[in-house]
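What follows is one structure encoded as structure tokens, with my remarks underneath.
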Amino acid sequence: MDPIVCTWTSTLPEGRFTVWPDGCRDLIAVIPNNKPATLLCSGLDSSPRRLVCRSDTLFVGVRLAAGVSFPWERKQPEYKREDFVLAQNQISQFDGWEMESLCGDAFDELVSVVDRFASPAPVWVPECLEALRSGRVPRTIPLSERSVRRKLAETTGAPPSYWRSLARVRQAGLALVQSDAPLASIAADFGFSDQPHMSREIRRWFGLTPLALRDNREQAIRRLTAPDVFQGPQVRSMMY
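Just so we're on the same page, our numbering is the position in the sequence shown counted from 1, plus 2.
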């Protein structure tokens with residue numbers, strides 16, 4: 003199984019920014035303008051991630067499939083919920099943004115780390131996640147339901163309830179911004195007990211109300227259609 007979902011880059015100016023959970027961990031080179039880079043593996047998010055950029059900052063990332071493991075976390079799966087700094091190193095000194103050469107060097111370094119140290123997820127993990135997303139029962143996983151719950155938490159760093167909740171809120175959020183259907187109708191379509199239940203979950207995961215999502219449709223659609231843990235490997239490059 004390919005450990006890489008996709009590669010991506012994002013350039014952010016000085017300020018505060020929010021990243022929504024997508025179920026993926028990322029190996030990221032964080033490169034402030036004219037300062038040393040930080041190489042880190044992000045943890046699983048269960049709420050919006052708040053970024054503070056103190057200067058123009060380039061982020062170059064490799065998005066990892068669920069269940070990919072590194073040596074430092076195999077015996078401590080809870081580490082997958084925390085950011086882990088791998089190195090402090092100077093990738094490049096430059097004046098302005100030399101995007102092509104800088105990104106090329108950073109991508110090579112990140113992919114090299116994955117190739118050298120990462121272990122792919124077991125083959126049953128994608129089927130299990132798809133089953134949780136779609137609400138069906140996985141047919142070919144040679145494990146009991148209890149074993150699946152335990153092994154999924156050990157392998158991915160989060161239990162089935164995390165993945166089921168994340169899949170549902172991302173699906174509901176996308177349906178919400180792609181239509182003008184009543185909120186109560188969307189809540190019912192995706193199995194929420196009522197509209198307030200859906201609103202609480204959207205606020206928990208995205209930090210916004212359903213109406214605020216609709217007020218920012220273009221940005222929400224872009225975020226919710228980007229490659230995530232439920233789409234499987236895309237191996238394509240994105241620019242945020």
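Every residue, glycine too, gets a C-beta built ideally from N, C-alpha and C.
Bear in mind that the values here come from a model prediction, so they are computed numbers and not experimental data.
The beta carbon of residue 44 is closer than 7 Å to those of 27, 28, 30, 85 in its chain, skipping five residues each way along the sequence. Close CB contacts of residue 206 within its chain, under the 7 Å cut and outside five residues either way in sequence, are with 49 (chain order). Taking the Cα positions, residue 181 is about 10 Å away from residue 175. At the C-beta level, residue 179 and residue 24 stay beyond 8 Å of one another.
Contact between residue 83 and residue 134 fails: their C-beta atoms lie close to 18 Å from each other, not under 8 Å. DSSP places residue 57 in the coil class of the three-state scheme, outside both helix and strand.
Here residue 9 carries a strand assignment [DSSP, helix/strand/coil]. Cβ neighbours of residue 171 within its own chain (closer than 7 Å, five residues either side excluded): 203, 204, 207. Put simply, the segment 105-116 does not touch the segment 183-196. Fewer than three CB pairs are less than 8 Å apart. The beta carbons of residue 33 and residue 14 sit no closer together than 8 Å. In the three-state reduction of the DSSP assignment, residue 41 falls in the strand class, which pools E and B. When only Cα atoms are considered, residue 51 and residue 215 end up about 17 Å apart. For residue 34, there is no enclosing alpha helix (DSSP H); the residue is found in the beta strand (DSSP E) stretching over 27-34. Around the beta-carbon of residue 226, 16 or more other beta-carbon atoms lie within 10 Å, marking it buried.
In the displayed model, residue 131 falls within a helix according to three-state DSSP.
When the Cα atoms are used, residue 8 and residue 126 turn out to be separated by approximately 20 Å. The C-beta of residue 64 has 16 or more other C-beta atoms within 10 Å across all chains shown, which makes the residue buried. For residue 227, the enclosing alpha helix (DSSP H) stretches over residues 219-227.
Taking the Cα positions, residue 153 is about 16 Å away from residue 121.
Non-local beta-carbon contacts of residue 18 in its own chain, meaning distances under 6 Å to residues more than five positions away in sequence, involve 54 in chain order.
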